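Chemist: Provided herewith is a single structure, encoded as structure tokens, for subsequent inquiry.
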Amino acid sequence: MVAFIEQLFLWWLFYGFVGWVWETCLGVATRGRFVERGVLIGPLCPIYGFGAIIVILTLRDVTNPLALFLSSGVLACLLEYVTSSFVEKAFHVRLWDYTNRPFNVNGRIYLNGFLAFGFGASVVKLAVQPMVAGLTGSWTPTTLHVATACAAGLLVADASITIAGLTSFDRRLARINDGIAKAKSTRIAAIDERLERSGHGPESVADAAERIRRTLTWQQRRLIRAFPGMTSTRHGHTLKSVREALARKAQRLTKDR
4 MVAFIEQLFL WWLFYGFVGW VWETCLGVAT RGRFVERGVL IGPLCPIYGF
54 GAIIVILTLR DVTNPLALFL SSGVLACLLE YVTSSFVEKA FHVRLWDYTN
104 RPFNVNGRIY LNGFLAFGFG ASVVKLAVQP MVAGLTGSWT PTTLHVATAC
154 AAGLLVADAS ITIAGLTSFD RRLARINDGI AKAKSTRIAA IDERLERSGH
204 GPESVADAAE RIRRTLTWQQ RRLIRAFPGM TSTRHGHTLK SVREALARKA
254 QRLTKDR
């Protein structure tokens, strides 16, 4: 029983890594540059791991390709919907938002995701998992114990940092929101207008971006880059301003090189 649980954990890690590779490649294809995807710092997308394990365990007796495709798509969408709802209620953010995509359900899932996950999970179940199970099944108990312990230790450390960052994210956005509100006075607007006329506008923008960078942790800034569709239920406009400021900062750094 212990060996099976350890193998399940390693399978989860493997498919989480495959999901991270897939998401990263999609990011390069759609955005034209490398962006480290996933909510965790390490190369792992947990939702892909959970999706694969759910399909492997619940659909182990399903062999009909069409039935497997449809069932996998439904299970994956249910998982994605529940995950989106949980993260939003727990941390007041939406990591993804499909509101503008066709055939979406409350912006949490949409048709393309159903098709992609259904096809991918079918390939995993019929072609990939037999090889993965054969590999881990050939390992000695000692190898399984060591691999599981090392991976679990790294995962706990990563998850702790990530959860801490998500927990404080809303508070830090509130602080930024307060700063933006204070800056929206007539006097500041007049000063900014004079700076623009004198040609010093870019410096003021850079200073604002740098203040935002100091308010957010590195991990929180990485999440903003990793999830371009992320929104905040409490500070949506502020998060948009943060993303724009960080983008301007990145552009300035690129030009200076």
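So for the sequence shown, my numbering puts the first residue at 4; every next one is plus one.
Here a beta-carbon is modelled for each residue, glycine too, at the ideal position from N, C-alpha and C.
Treat the numbers as computed from the prediction; the structure is a model and nothing was measured.
Give me, in chain order, the residues of the same chain whose beta-carbon lies closer than 7 Å to that of E26; leave out the 5 immediate sequence neighbours on both sides.
Modeler: Closer than 7 Å at Cβ, skipping near neighbours: R40, G41 and C48.
Chemist: How far does the alpha helix (DSSP H) with L118 in it extend, from its first residue to its last?
Modeler: Looking at the DSSP string, the run of the alpha helix (DSSP H) that includes L118 is L114 to V126.
Chemist: Return the residue from the list D181, V58, L147 and L81 that minimises the CA-CA distance to V127.
Modeler: Nearest of D181, V58, L147 and L81 to V127, Cα basis: V58.
Chemist: Would you say L60 and S75 are within 8 Å of each other, going by their C-beta atoms?
Modeler: No, they are not a contact pair.
Chemist: Beta-carbon within less than 7 Å of G110's beta-carbon, same chain only, minus the 5 sequence neighbours each way: which residues are those?
Modeler: So the qualifying residues of the chain are D100, Y101 and T102.
Chemist: So, is Q10 buried or exposed, given that buried needs 16 or more other C-beta atoms within 10 angstroms?
Modeler: The residue in question, Q10, is buried, as its Cβ has 16 or more Cβ neighbours within 10 Å.
Chemist: Assuming T218 contacts R175 (C-beta within less than 8 Å), just tell me the rounded distance between them.
Modeler: Confirmed, about 6 Å.
Chemist: Return the Cβ separation of F122 and F72 in integer angstroms, given the expectation that the two are a contact with Cβ distance under 8 Å.
Modeler: Yes, they are in contact, since the Cβ atoms of F122 and F72 sit about 6 Å apart, within 8 Å.
Chemist: Just the Cα atoms here: how many angstroms apart are F106 and Y113?
Modeler: Cα to Cα, the separation comes out at about 5 Å.
Chemist: Assign I179 to buried or exposed, taking buried as 16 or more other Cβ atoms, counted over all protein chains shown, within 10 Å of its Cβ.
Modeler: Per the 10 Å Cβ criterion, buried.
Chemist: Can you list, in chain order, the stretches of the alpha helix (DSSP H) that have 4 or more residues and sit fully within the segment 44-132?
Modeler: As far as the segment 44-132 is concerned, its whole alpha helix (DSSP H) runs of at least 4 residues are 49-61, 68-94 and 114-126.
Chemist: Of the choices R36, V77, R34 and A55, whose alpha-carbon is the least far from that of L118?
Modeler: The candidate whose alpha carbon is nearest that of L118 is V77.
Chemist: My guess is that F120 and G54 are in contact by the Cβ rule of under 8 Å, so how many angstroms apart are they, rounded?
Modeler: F120 to G54, Cβ: 7 Å. Contact.
Chemist: Rounded to whole angstroms, what's the CA-CA distance from T270 to K243? Just pull it up for me.
Modeler: The question about residue 270 has no answer, for the chain in this structure spans 4 to 260.
Chemist: So, under 8 Å CB-CB, L43 and T236 are touching, yes? Tell me the CB distance rounded to an integer number of Å.
Modeler: No, L43 and T236 are not in contact; Cβ-Cβ is about 22 Å, not under 8 Å.
Chemist: Taking I50 and E91 to be in contact with their CB atoms under 8 Å, please state how far apart those CB atoms are, rounded to whole angstroms.
Modeler: Actually they do not touch by this definition, with Cβ atoms about 14 Å apart.
Chemist: In its own chain, which residues sit with a C-beta less than 6 Å from the C-beta of G30, not counting the 5 before and 5 after it?
Modeler: So the qualifying residues of the chain are V38 and R40.
Chemist: Please classify G52: is it buried, with 16 or more other beta-carbons within 10 angstroms of its beta-carbon, or exposed?
Modeler: G52 should be labelled buried.
Chemist: What does the alpha-carbon distance come out to for the pair A155 and I56?
Modeler: If I take the Cα positions, the gap works out to 17 Å.
Chemist: Is the distance from the Cβ of P68 to the Cβ of S125 below 8 Å?
Modeler: The answer is yes: Cβ separation under 8 Å.
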